[in-house]
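Residue numbers (my numbering): 32 to 296.
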């Protein structure tokens, strides 16, 4: 973008993107691997403990209890919803160990198998906007609960686009709380020298828009790829879109200014 086409005096300085379901189409891979792992475990409990089997579903289980959360917390959250209480365990637990960490590690094995077999697709409209932001001088970071974030960015060739990456590996090293707490988004903004009030969060998960709201970000944009627009709006998204097709920096600036005017900033 040429200098004369740059938008003067942008109201925001940075944008922090979630990864899965926002930049890459890996949310579908995560959902599939979670279902396979949990259905296998629930079937084991039916055979071993005579507990009635009730399958793990996308709408009633994945979206409310697992989507967007750190892996082991997602396991714990879903199991709690079914009245199943297992030891939390350790991150080093074997995938066959009956702990939250063990089940989470089994899910990750399934996820990586699918990733290696099928590769990673990106959302072209999001990537296009990231390039536009960088042309405008906006700082761009990625914040994800996933410990596979770096691997996925490398596979898609997008790693160099982001000034900072705060993911599951970084969170474990720094002791950051996962979504719906705002730690990873705030850390990403701080890494780019920006206050949350001067930054935008882009998320597709309920736990993610909650985190953006709790973190006091200047604008939280929800992407309703799951038909969950109302849930995203209810939990903290200021604006909800279906995709970034047709959305540009000028439009997001308008939303940002409107939010700032409404809040009296």
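The C-beta atom is built at its ideal place from N, Cα and C for all residues, glycine as well.
- The bridge partners DSSP lists for residue 172 are 47 and 195.
- Taking residue 69 as the centre and dropping the five residues before and after it, the same chain places the C-beta of 87 closer than 6 Å to its C-beta, in chain order.
- Secondary structure note for residue 75: its alpha helix (DSSP H) is the uninterrupted segment 58-80.
- One thing to note: residue 176 has its Cβ within 8 Å of the Cβ of residue 210.
- In the structure shown, residue 129 adopts coil according to DSSP, grouped into three states.
- In the three-state scheme derived from DSSP, where H, G and I count as helix and E and B as strand, residue 253 is classed as strand.
- Residue 163 holds the alpha-carbon nearest to the alpha-carbon of residue 275 among 132, 113 and 163.
- Residue 284 is positioned such that its CB atom lies closer than 8 Å to that of residue 42.
- Rounded to whole angstroms, the separation of the alpha carbons of residue 103 and residue 118 is 11 Å.
- Residues 69, 109 and 112 of the same chain have their beta carbon placed closer than 8 Å to that of residue 92, with the five preceding and five following residues left out of the count.
- Per DSSP, residue 158 is not a residue of any beta strand (DSSP E); the alpha helix (DSSP H) it occupies stretches across 155-166.
- Nearest to residue 182 by C-alpha distance, out of 237, 169, 146 and 265, is 146.
- The three-state secondary structure of residue 231, taken from DSSP, is strand.
- The region 74-87 and the region 257-270 do not touch, with fewer than three beta-carbon pairs separated by less than 8 Å.
- Under the three-pair Cβ rule at 8 Å, the region 231-250 counts as touching the region 47-58.
- Three or more Cβ pairs drawn from the region 211-221 and the region 194-201 lie within less than 8 Å of each other, which places the two stretches in contact.
- Within its own chain, the residues whose Cβ lies closer than 8 Å to the Cβ of residue 212, once the five positions on either side in sequence are excluded, are 242 and 245, listed in chain order.
- Per the DSSP secondary-structure output, residue 271 pairs in a beta bridge with 253.
- Residue 269 and residue 279 have their C-alpha atoms spaced approximately 16 Å apart.
- The beta carbon of residue 73 sits closer than 6 Å to the beta carbons of 84 from its chain, once the five residues preceding and following it are set aside; these are given in chain order.
- Looking at the DSSP output, residue 55 bridges to 51 and 153.
- Nearest to residue 61 by alpha-carbon distance, out of 281, 292 and 143, is 143.
- DSSP places residue 259 outside both helix and strand once states are collapsed to three, so it counts as coil.
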